[in-house]
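J.: Its first residue numbered 1, the sequence shown is counted upward by one per residue in full-length UniProt numbering. Virtual Cβ for every residue (Gly too), placed ideally from N, Cα, C.
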Amino acid sequence: MKAVAYYHSLPIQDPLALQDIELPEPVAGPRDLLVEVKAISVNPVDTKVRQNAQPEAGVAKVLGWDVAGVVKAVGSDVSLFKVGDKVFYAGSIARAGGNSERHVVDERIVGHMPKSLDFAQAAALPLTTITAWELLFERLGVTEGKTDEQQSLLIVGAAGGVGSILTQLASQLSAIKVIGSASRPETQAWVRELGADIVVDHSQPLSEELKRHGINAVTHVASLTQTDQHLDQLVEALAPQGKLALIDDPKALDITKLKRKSLSLHWEFMYTRSLFETPDMIEQHHLLNRVAELIDAGTLHTTVGEHFGRINAANLRRAHELLESGKAKGKIVLEGF
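Here it is in structure tokens:
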């Protein structure tokens with residue numbers, strides 16, 4: 001089968017950074033689905049793994065943790081899906097990625113694809129949606145529903161992949177006031193369209209930006225990028241006993257700065273459940289099914305930013321390069337081999 005992979009960690013401008021190759025067909029285990037991959041999307045984790053995970057000599061490493069496709073075969077213990085089902089999922093970082101014609105995945109982290117979306121639109125959603133949902137409702141403890149709790153959420157990096165769906169989830173499914181940060185006119189407009197109540201510029205001091213909009217403090221912060229650079233501003237912006245959640249990889253973080261205000265720190269890593277096969281791993285299946293229903297009801301919308309064409313090494317190198325530039329808006333999708 002066709003696949004896109006790498007053998008050495010190289011700068012993305014190198015033609016060998018990602019290559020078109022042929023691989024043997026994967027075989028489904030007892031709880032696995034064998035999926036014919038129709039579309040994928042690209043995430044910052046793809047670039048981080050490519051840059052930092054050197055494969056064993058001669059071993060091809062396949063990236064890609066957002067897939068929309070069709071179930072071609074099921075393992076002996078599968079009970080949630082049948083052959084022919086359209087599915088979408090983010091997969092497991094402990095297994096081969098989905099940048100291949102066929103892919104195997106544990107059924108417990110797969111959802112039924114939204115009926116109202118095509119494959120490319122659906123592929124934009126799983127990883128970022130799971131991340132945003134877990135961060136908002138499980139890590140930060142925001143309550144679903146429109147009861148007025150006088151709470152406010154600052155989303156740093158609201159125009160990116162996670163931010164694009166987190167902004168929608170918070171504004172559509174909770175009563176929290178949503179403040180999204182973006183630094184360029186086009187990304188600021190995107191964040192407003194997604195439902196943010198207020199948009200601030202994170203290239204300026206965030207506490208000053210908030211005060212400019214009449215906000216002295218926020219109760220929750222979702223820091224999606226450059227947490228180490230913004231930490232002092234985030235601590236200043238948070239109300240006493242507030243909550244800070246992050247998903248990025250700061251090299252160092254002085255958490256003693258959170259003590260004076262009794263701020264709590266929350267990590268979100270959407271691969272935790274699949275990596276450790278936690279007892280509640282199936283929650284990601286339920287979550288994706290719920291999101292599909294919300295999409296089909298028109299409550300949530302796909303976060304496709306750009307369609308980069310067919311799934312091949314040249315187009316994936318372009319996608320990685322754009323993500324590494326930090327200028328991507330929404331999600332980059334690719335479709336078909």
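#1: So does the stretch 141-155 actually touch the stretch 116-131, counting three or more Cβ pairs closer than 8 Å?
#2: Using 8 Å as the cut-off, can you tell me whether the stretch 257-270 makes contact with the stretch 193-200, which would need three or more C-beta pairs spanning the two stretches below that distance?
#3: Can you give me the C-alpha to C-alpha distance between residue 84 and residue 113, rounded to a whole angstrom?
#4: Residue 188: which of 176, 201 and 177 sits nearest, CA to CA?
#5: Out of curiosity, what's the CA-to-CA distance linking residue 332 and residue 183?
#6: Just to check my reading of the structure: residue 22 and residue 38 have Cβ atoms closer than 8 Å, yes? What is that Cβ distance to the nearest angstrom?
#7: For residue 271, which residues in the same chain have their Cβ closer than 7 Å to its Cβ, ignoring the five residues on either side in sequence?
#8: Between the alpha carbons of residue 252 and residue 154, how many angstroms are there, rounded?
#9: With C-beta atoms as the reference, is residue 35 less than 8 Å away from residue 69?
#10: Got a sec, what are the start and stop residues for the alpha helix (DSSP H) residue 207 sits in?
#11: State the DSSP-derived secondary structure class of residue 59, mapped to helix, strand or coil.
#12: State yes or no: is the C-beta of residue 212 within less than 8 Å of the C-beta of residue 17?
#13: Just to confirm before moving on: does the CB-CB distance between residue 323 and residue 247 stay below 8 Å?
#14: Name, in chain order, the residues that DSSP records as bridge partners for residue 89.
#15: How would you label residue 278, buried or exposed, when you count the other beta carbons within 10 angstroms and need 16 or more for buried?
#16: The alpha helix (DSSP H) spanning residue 165 covers which residue range?
#17: What is the DSSP secondary structure of residue 77, reduced to helix, strand or coil?
#18: With DSSP as the reference, identify every bridge partner of residue 33, one or two as the case may be.
#19: Taking the alpha carbon of residue 291 as the reference point, which residue from 129, 258 and 60 has its own alpha carbon closest?
#20: Which residues bound the beta strand (DSSP E) around residue 130?
#21: By alpha-carbon positions, which one of 30, 50, 58 and 299 ends up nearest to residue 74?
#22: Quick one: which unbroken beta strand (DSSP E) runs of 3-plus residues sit fully inside the stretch 269-316? Chain order, please.
#23: Expressed to the nearest angstrom, what Euclidean distance is found between the alpha-carbon atoms of residue 338 and residue 98?
#24: Excluding the 5 residues preceding and the 5 following residue 205 in the sequence, name in chain order all residues of the same chain whose CB lies nearer than 8 Å to its CB.
#25: Since residue 285 contacts residue 80 with CB under 8 Å, what's their CB separation in whole angstroms?
#26: Mind checking residue 165: buried by the 16 CB within 10 Å criterion, or exposed?
#27: Take residue 47 and list the residues in its own chain whose beta-carbon comes closer than 8 Å to its own, dropping the five residues that flank it on each side.
#28: In terms of alpha-carbon separation, which member of 257, 256, 266 and 225 lies closest to residue 245?
T.: This is what the structure gives:
#1: no
#2: no
#3: 12 Å
#4: 201
#5: 19 Å
#6: Residue 22 to residue 38, Cβ: 19 Å. No contact.
#7: 92 and 93
#8: 22 Å
#9: yes
#10: 206-212
#11: coil
#12: no
#13: no
#14: 67 and 110
#15: exposed
#16: 161-173
#17: coil
#18: 74 and 105
#19: 129
#20: Looking at the DSSP string, residue 130 is not in any beta strand (DSSP E); the run it does join, the alpha helix (DSSP H), is 126-133.
#21: 30
#22: 304-307
#23: One cannot answer for residue 338 here, as it falls past the ends of the chain, which runs 1 to 337.
#24: 233
#25: 6 Å
#26: buried
#27: 12, 320, 323 and 324
#28: 266
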